[in-house]
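Note that this note's numbering numbers the sequence shown so that position 40 is 34, with each residue one more than the last.
Every residue, glycine too, gets a C-beta built ideally from N, C-alpha and C.
Below is one structure, written out as structure tokens, with a few remarks after it.
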Amino acid sequence: MKILFVCTGNTCRSAMAEAIFRDIADLRNFEISSAGLSTFTGDTATNKAIIVCGNHDIDLKAHRTTGVGDAKVNDMDLVLTATVGHREKIEKIYPNVEVHTIKEYAEGYDDLDIADPINGDLQTYEECFSELEEALEKVYHKILSDERIGGLDKY
């Protein structure tokens, strides 16, 4: 299954989401990537994202940003965004792609947005990491048990 995580710059939320999901998931069944709606391809994740992920034994140092235009969005089975605004932009640009916010797909959340930690302190990044990790655990288990797609048998 091909999953793309999307945020604004691909330096914080989507970069961390990709790294966290890689840590959670059995990668034999997934191709995971991330991209930003307003970014240049080739930048690094923010230092604070790298530090916070490192505190959880997840290495984000090799991450390089990718713009949505370079992400082969139409080839994805699922696009998960950080916010409703990101989802709406992806829906407009790529109307034939299945797209949800991360929290929307995970289910059980009133607020479907994950706040951008950019310009925040390490605690703000830690809170973002925890929010992503909780939601992505739900996403992973939902995909594994999704009868609509027969679990991962389709992939």
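Within this structure, are the beta carbons of Ile84 and Thr95 separated by less than 8 Å?
No, the pair does not count as a contact, with Cβ atoms beyond the cut-off.
Using only the alpha-carbon positions, how far apart do Asp51 and Ile14 sit?
Ile14 has its alpha-carbon roughly 10 Å from the corresponding atom of Asp51.
State the beta-bridge partners of Thr75 as determined by DSSP.
Val0 and Thr95.
Just mark Ser28 as buried or exposed, buried being the case when its beta carbon has 16 or more other beta carbons within 10 Å.
Answer is buried; the Cβ neighbour count reaches 16.
Could you have a look at Thr38 and say whether DSSP puts it in helix, strand or coil?
Shown here, Thr38 sits in a strand according to DSSP, grouped into three states.
Would Gly30 be called buried (16 or more neighbouring beta carbons within 10 Å of its own) or exposed?
Gly30 comes out buried.
Closer than 6 Å by C-beta to Val93: which residues in its own chain qualify, once you throw out the five before and the five after it? Chain order, please.
Answer for Val93: Val73, Arg81, Ile84 and Glu85, listed in chain order.
Alpha-carbon spacing of Asn113 relative to Thr40, whole angstroms
In this structure, the straight-line span from the alpha carbon of Asn113 to that of Thr40 is close to 10 Å.
Answer yes or no: do Phe34 and Gly61 have a C-beta to C-beta separation smaller than 8 Å?
For Phe34 and Gly61, yes; Cβs fall inside 8 Å.
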